[in-house]
Every structure is written in structure tokens, then in C-alpha cells.
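Below: the structure, in C-alpha cells.
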Amino acid sequence: MKIYTKTGDKGTTALFGGTRVPKDHIRIESYGTVDELNSYIGLIRDQEINEHYKKILIEIQDRLFTVGAILATPPEKEVKKNGELRLKNLGITESDIELLENEIDSMEEALPPMTHFVLPGGHTTVSYCHIARCVCRRAERMAVHLDHNEPVPEIVIMYLNRLSDYLFVLARKLSNDLNAKEVKWIPRK
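If you use this note's numbering, the sequence shown corresponds to residues 1 to 189, in order.
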């Protein structure tokens, strides 16, 4: 299979099910942003961090492929002509969200309470977490925007929302683990 097909040379691409849309369509922006997020999470996973975090990040990357597949499938193409679901055995479940919530709770138990805002930074790995968090928030906004035009499963938006929370707490936890210097945000008076 060749990597180049030339089918997108005129600025269109195919969704799951074959529908062709412009490459700047909100559906493409949505799953493209999820793909960007997945790449940043891979970058975090490649850092010198605890193996448990790496295991969770791999699980998240797997779930993001599912989110991307869901976003790449227009509602009218969810069921194939033979009556089968196009994304059979793929989906985001409550247990995926619960995993993130349990991880957040576990990390927060080991951290002092937040008493101030901190500026992103202090260590390269922590900065990667903050970049991923920002990209995750953008992916969430894109999915919400898409949902205004075509239905997006609510659980997909919930997953992205919880994932951005996870990435924020992971940044705090790694900052603590790596003895990174946190810089407090001090509003001007």
C-alpha cells in the first residue's frame, strides 16, 4: 500500500464511509486536533517518567484513536449498507472516564492542595503536559463546535473534558516528582 494516494490533491479528503469533504471541514479539524493531541501524549510518554504514567498514557492514546474514528464517521455512515455498525467494537465507555477520574484522584492525594495559579513550565516534561492539555481543550472545543452541526456522542466530549483535567493534574504531579520549580502567577495590581 502506497502512503500517497493523490486523492486529496484538490483539497478534499474522505471520511469513514467514503463521504468526501473539504480538508478544512470542522469534522476534519476535530479529529485532526485529536491526532495532534495523541502525538503530544506520545512525546510525554517518551520522557523519563514513572512506568505507571506511561502505561496510562498508552491507554489514553488507544482511546484517542477511538475518539478520532468516532469523529471521522458522519452520523449517516454509522451503519453500513449491510446493517452492521461501521465502528463495531469501538467506543468510549464510562469505564474510560472512570480510569481518568481514578488517576486524577490518586495523583491529587499525593499533592498539596492548590492555593494559587502556576505558570506552565519548570521542566520540559511538565511543559509538554501543559501543551497537551491546551491541545486537548482545543479538541474539546472543536468537538463541541461539530456537535452544533452534527451530533457527536456526549461521552466523547466528556472524555476530552476529563482528559484535559487529567493532563493538568499530571503536570502538577510530574512537577512535584521532578522537583520542578513552580512559578506562581501574580496578578498585577
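Just so it is clear, CB atoms sit at the ideal spot from N, CA and C, and this is done for glycine as well. Every value quoted in this text rests on a predicted model; they were computed, and no experiment measured them.
Going by the CB atoms, is the gap between residue j and residue i shorter than 8 Å?
i    : j    : result
L167 : A139 : no
E267 : V135 : Past the edges of the chain, shown from 1 to 189, lies residue 267, and the structure says nothing about it.
L111 : N176 : yes
E48  : M142 : no
K184 : H116 : yes
L64  : Y128 : no
I26  : L163 : no
Would you mind reading off the limits of the alpha helix (DSSP H) that contains residue i?
i    : result
T5   : Taken as a continuous stretch (DSSP letters only), T5 belongs to no alpha helix (DSSP H), as it is neither H nor E.
L178 : No alpha helix (DSSP H) holds L178; DSSP gives it neither H nor E.
L90  : Per DSSP, L90 belongs to no alpha helix (DSSP H) and is neither H nor E.
I49  : I49 -> no alpha helix (DSSP H), and no H or E assigned at all.
L99  : E94 to E109
Between the C-alpha atoms of residue i and residue j, what's the straight-line distance to the nearest angstrom?
i    : j    : result
P189 : R137 : Looking at the sequence itself, residue 189 is Lys, so the reference to Pro does not match. If I take the Cα positions, the gap works out to 29 Å.
Y31  : E84  : 23 Å
D165 : H148 : 23 Å
L57  : E76  : 32 Å
G121 : H130 : 8 Å
A171 : I104 : 11 Å
N161 : V144 : 11 Å
M114 : K173 : 12 Å
On the three-state DSSP scale, how would you describe residue i?
i    : result
A188 : Before going further, note that residue 188 is Arg rather than Ala in the sequence given. R188: coil per DSSP, three-state reduction.
T12  : strand
V144 : helix
V21  : strand
V152 : coil
Tell me whether residue i, by its Cβ, gets closer than 7 Å to a heavy atom of the ligand NAD.
i    : result
N149 : For the structure depicted, the ligand NAD is absent and the ligand set is empty, with no information on it obtainable.
Chain C beta carbons: is any one of them nearer than 8 Å to that of residue i?
i    : result
F117 : Among the chains of the structure shown, chain C does not appear; only one protein chain is present.
Between the stretch 69-76 and the stretch 97-117, can you find at least three pairs of beta-carbon atoms closer than 8 Å? Using a Cβ-Cβ distance cut-off of 8 Å, the stretch 97-117 and the stretch 69-76 are not in contact, since fewer than three pairs of beta carbons, one from each stretch, lie closer than that value.
Do the stretch 151-163 and the stretch 87-94 meet, that is, are 3 or more Cβ pairs less than 8 Å apart? Contact between the stretch 151-163 and the stretch 87-94 is present, because at least three Cβ pairs lie under 8 Å.
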